[in-house]
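Q:
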Amino acid sequence: MSEKSRKILVTSALPYANGSIHMGHLVEYLQTDIWVRFQKLRGHDCIYVCASDAHGTPIMLKARELGISPEQLTEQVSAEFKRDFADFGVAFDNYHTTHSPENEALTVEMYEALKDKGDIYTKPVEQAYDETEGMFLPDRFVKGTCPTCKTEDQYGDACESCGATYSPGDLIDPVSVLSGTTPVTRTSEHYFFRLSQYGDKLRQWMLDANLGKNMLAKLEEWFEAGLQDWDISRDA
């Protein structure tokens with residue numbers, strides 16, 4: 008083979024460990040598996056990794072519904088994922104979970120590095136609070152009417168109809184997903200990552216990455232609006 012051997016690291020979207028995968032999910036993994044096998048046949052050092060996404064609101068809600076812990080749920084679902092992928096011949100070089108010591112160590116390492124650079128700061132944030140359940144409500148625990156297009160039954164972070172992003176406090180007629188009651192507003196201290204100061208660098212990387220025309224146009228919308236600092240806190 009005349010082409011120089013390359014080192015290629017490949018992943019697919021991490022499946023959310025709150026329920027079974029379906030045929031729609033499998034399309035991506037099968038396509039990726041075919042591409043990886045092709046690259047290996049060409050002599051490239053191509054590694055295909057993936058993992059179960061074991062953190063997030065849907066997992067907490069599903070575990071609550073089943074009366075088990077989130078850890079138990081993700082372990083059960085991850086085992087099911089592995090069986091299904093194997094049955095369809097998807098050959099990962101490594102399949103893992105985000106709820107792992109390795110991921111925790113890397114997350115802490117990245118956080119400390121960003122903190123040392125001054126890219127992490129705190130500020131008080133007003134949030135929805137469910138008085139019935141006695142807990143703060145993350146974005147996906149609140150539903151209501153989109154403040155932009157007025158579509159009903161939208162989550163508290165983004166509208167699936169028009170694509171607008173917002174905070175739970177912006178929703179019209181917000182309701183707690185947990186109790187069905189109207190949440191109140193309370194304040195807590197949150198940590199933020201200064202994503203806004205990396206806008207120019209990220210945009211240049213995007214322009215240099217040879218992305219497809221449609222993807223590039225979609226991503227440009229985010230940069231035109233201006234990147235917002237990222238709230239990385241979640242109240243217990």
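Residues in the sequence shown are numbered from 8 upward in steps of one, following my numbering.
Just so you know, even glycine gets a beta-carbon here, dropped at the ideal spot from N, CA and C.
1) Let me know the secondary structure DSSP gives glutamine 161 once reduced to three states.
2) Please identify the residue among Ile41, Gly151 and Lys225 whose C-alpha is closest to the C-alpha of phenylalanine 95.
3) May I have the straight-line CA-CA distance separating aspartate 215 from isoleucine 239, to the nearest angstrom?
4) Once the 5 residues before and after proline 126 are set aside, which same chain residues still bring their CB inside 8 Å of it?
5) Distance, Cα to Cα, tyrosine 173 vs isoleucine 179?
6) Can you have a look at threonine 104 and say buried or exposed, based on whether 16 or more other CB atoms are within 10 angstroms of its CB?
7) Output the distance between the C-alpha atoms of lysine 130 and threonine 192, rounded to the nearest integer angstrom.
8) From this set, Asp60, Tyr162, Lys124 and Glu119, which residue's C-alpha is nearest valine 182's C-alpha?
9) Do leucine 80 and alanine 24 have their C-beta atoms closer together than 8 Å?
A: In short, the structure shows the following:
1) For the purposes of this step, residue 161 is taken as residue 154 along the sequence shown, with counting starting at 1. Glutamine 161: strand per DSSP, three-state reduction.
2) To locate residue 95, count along the sequence shown from 1; it is residue 88. That would be Ile41, whose Cα lies nearest to the Cα of phenylalanine 95.
3) In the sequence shown, residue 215 corresponds to position 208, counting from 1. In the sequence shown, residue 239 corresponds to position 232, counting from 1. When rounded, the distance between both Cα atoms is 28 Å.
4) On the sequence shown, position 119 is the one that residue 126 refers to. The amino acid at residue 126 is misidentified as proline; the sequence shows aspartate. Cβ neighbours of aspartate 126 beyond the five flanking positions: Phe200, Arg201 and Gln204.
5) Locating residue 173 in the sequence shown gives position 166, where the first residue counts as 1. Locating residue 179 in the sequence shown gives position 172, where the first residue counts as 1. C-alpha separation (whole angstroms): 11 Å.
6) To locate residue 104, count along the sequence shown from 1; it is residue 97. The residue in question, threonine 104, is buried, as its Cβ has 16 or more Cβ neighbours within 10 Å.
7) As a position in the sequence shown, residue 130 is number 123, starting the count at 1. As a position in the sequence shown, residue 192 is number 185, starting the count at 1. Cα-Cα distance, rounded: 16 Å.
8) Counting from 1 along the sequence shown, the entry for residue 182 is found at position 175. Residue Tyr162 is the option with its Cα nearest to valine 182.
9) Counting from one through the sequence shown, the residue named residue 80 turns up at place 73. Counting from one through the sequence shown, the residue named residue 24 turns up at place 17. Alanine 24 sits close to leucine 80, with the two beta carbons spaced by under 8 Å.
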